[in-house]
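Residue numbers for the sequence shown, in full-length UniProt numbering: 1 to 82.
Structure first, commentary second.
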Amino acid sequence: MSPHWTGILIVALLLLVLFGGRGKISALMGDMAKGITAFRKGLKDDGKDEDGSGKDSGASGAIGSDGAAPSEPRREDERAGS
Numbered sequence: 001m002s003p004h005w006t007g008i009l010i011v012a013l014l015l016l017v018l019f020g021g022r023g024k025i026s027a028l029m030g031d032m033a034k035g036i037t038a039f040r041k042g043l044k045d046d047g048k049d050e051d052g053s054g055k056d057s058g059a060s061g062a063i064g065s066d067g068a069a070p071s072e073p074r075r076e077d078e079r080a081g082s
């Protein structure tokens, strides 16, 4: 059973719409790539803040109801070394 010419035409049109240049979908994929890049950059910046080389988080002066400063939870990689 060979593919009918209308089936081939429909598949070709779908491919043109999905992967065609300057289309809405290609622009959407470009925007998604920019968002992923910004997200990764934000994660990298957050990692610098945890090391103390970044900005102050603003929570350093917080005191709990028992009068003691709240302790920060330890990360997984810090627990493995203990």
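We put the beta carbon where it would ideally sit given N, CA and C, even for glycine.
The model shown is predicted, which means the values in this text are computed figures rather than measured ones.
- DSSP places glycine 20 outside both helix and strand once states are collapsed to three, so it counts as coil.
- With respect to leucine 16, isoleucine 25 sits apart: the two C-beta atoms are not nearer than 7 Å.
- Here serine 26 carries a helix assignment [DSSP, helix/strand/coil].
- In this structure, the straight-line span from the alpha carbon of isoleucine 8 to that of phenylalanine 39 is close to 40 Å.
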